[in-house]
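Residue numbers (the numbering used here): 1 to 94.
Everything below concerns the one structure shown next.
In structure tokens form, the structure reads like this:
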């Protein structure tokens, strides 16, 4: 994963998405994701096991941002000076 998109709000509390980091490895996916188990609330969760939700983008819990086609070039870079003026509201990894 080489891009971190953040949801920010300006002084008018208008939310927008910006690119915080791009081109650097942020997160490496584990090698054992092929063994992921379908999530169920009744499942006893074990340490070091991965769970999945099939077709998550079709559930009511999925935010619209995740349903859209993604290209990091569509987002402005978050400037360092922004941190002095505002605060981050959500992190979204892509």
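Even for Gly, the Cβ is constructed at its ideal location relative to N, Cα and C.
Note that the structure is a prediction, hence the values are computed from the model and not measured.
The beta carbon of residue 59 sits closer than 8 angstroms to those of 53, all from its chain and outside the five residues before and after it, given in chain order. By alpha-carbon distance to residue 76, the top candidate from 20, 11 and 14 is 20.
Our two residues, residue 6 and residue 15, have alpha carbons roughly 10 angstroms apart in a direct line.
In the three-state reduction of the DSSP assignment, residue 64 falls in the helix class, which pools H, G and I. Classified as buried, residue 4 has 16 or more neighbouring CB atoms from the shown chains inside 10 Å of its CB. Burial check for residue 78: the Cβ neighbour count within 10 Å reaches 16 or more, so the residue is buried. For residue 65, the closest C-alpha among the options 23, 18, 51 and 28 is that of 18. In this structure residue 50 is in contact with residue 35, their Cβ atoms being roughly 7 angstroms apart against a cut-off of 8 angstroms.
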